[in-house]
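Trainee: Quick note on the numbering used here: the sequence shown kicks off at 185 and runs consecutively.
All residues carry an ideal CB built from backbone N, CA and C; glycine is no exception.
Source: prediction; values computed, not measured.
Input: one structure, supplied below.
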Amino acid sequence: MELSEAEIEARLSDLRRRREALDREIADHVLYLELGRRLRGAGPAPAQSEERASELHEPPEAVSPRAPAAIRTMPAAPEPPQRVPVAFEVDPAGARCYGRALIEAACGILVRAGRPMHAGEILEALVAEGFAVPGQDPVAALNTRLWKRSGPHGPLRRLGDAVYAPALGAE
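Here it is as structure tokens:
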């Protein structure tokens, strides 16, 4: 079977679109796992980890290929090893998800504080929660991200130079 160059290009384009969709989905799932671990604290006790490991080595149940996806059972996801830092240029979908989580955490910090905060204060609280802001000047990088989200329909309100508060409801 010989394919023309146009057919090959079309197939490559389709495969790239599907890969990008998978990358976005993977990044979302990784983000949810990380957020879940942060919210529940240190994680499961060692005995629970051993139980999970033994569960993972059991053979999966036989599932007919026509069975709907909702009926299939998935084994519990293992705790992934410590994530190796990847440059955001390599994983742009992961960078977007991380950026969303960073802004969401910053909004939570502002709500809990109950007062306007400077980007430097927000950065300190984010670092305490386990976030990192890439760049040579993390305060400036965070300020830029917060500024971009402080528009008319954004979750933040800019009160001054690098000072933010949660956006109020309809004004």
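Measuring only the C-alpha atoms, how far is R201 from R280?
Mentor: Sequence index remark: in the sequence shown, residue 201 carries index 17 (1-based). Sequence index remark: in the sequence shown, residue 280 carries index 96 (1-based). Each residue's Cα considered, the two are about 17 Å apart.
Trainee: Taking all protein chains shown into account, decide if V317 is buried (16 or more other Cβ within 10 angstroms of its Cβ) or exposed.
Mentor: One-based indexing of the sequence shown puts residue 317 at position 133. By the 10 Å Cβ count, V317 comes out buried.
Trainee: Answer with buried or exposed for L294, where buried requires no fewer than 16 other C-beta atoms within 10 angstroms of its C-beta.
Mentor: One-based indexing of the sequence shown puts residue 294 at position 110. That one is buried.
Trainee: Between G344, E186, L223 and G338, which has its C-alpha nearest L352's C-alpha?
Mentor: Here residue 352 refers to the residue found at position 168 when the sequence shown is read from its first residue. Ranking G344, E186, L223 and G338 by Cα distance to L352 puts G338 first.
Trainee: Classify Y282 as buried or exposed, calling it buried when 16 or more other Cβ atoms lie within 10 Å of its own Cβ.
Mentor: For the purposes of this step, residue 282 is taken as residue 98 along the sequence shown, with counting starting at 1. Looking at its Cβ environment, which holds 16 or more other Cβ atoms inside 10 Å, Y282 is buried.
Trainee: What residues in its chain sit with their C-beta under 7 Å from that of E209, if we drop five residues either side in the sequence?
Mentor: Reading the sequence shown from its first residue, position 25 is the one you call residue 209. Here the set comprises nothing.
Trainee: Between R221, A190, Y216 and Y348, which has its C-alpha nearest R299's C-alpha?
Mentor: Translated into the one-based positions of the sequence shown, residue 299 becomes position 115. If we check each option's Cα against that of R299, Y348 comes out closest.
Trainee: Roughly how many angstroms separate the alpha carbons of H135 and H302, rounded to a whole number?
Mentor: It is not possible to answer for residue 135, since the shown part of the chain is limited to 185 through 355.
Trainee: According to DSSP, is A351 helix, strand or coil?
Mentor: The residue given as residue 351 occupies position 167 in the sequence shown. It is coil, neither helix nor strand.
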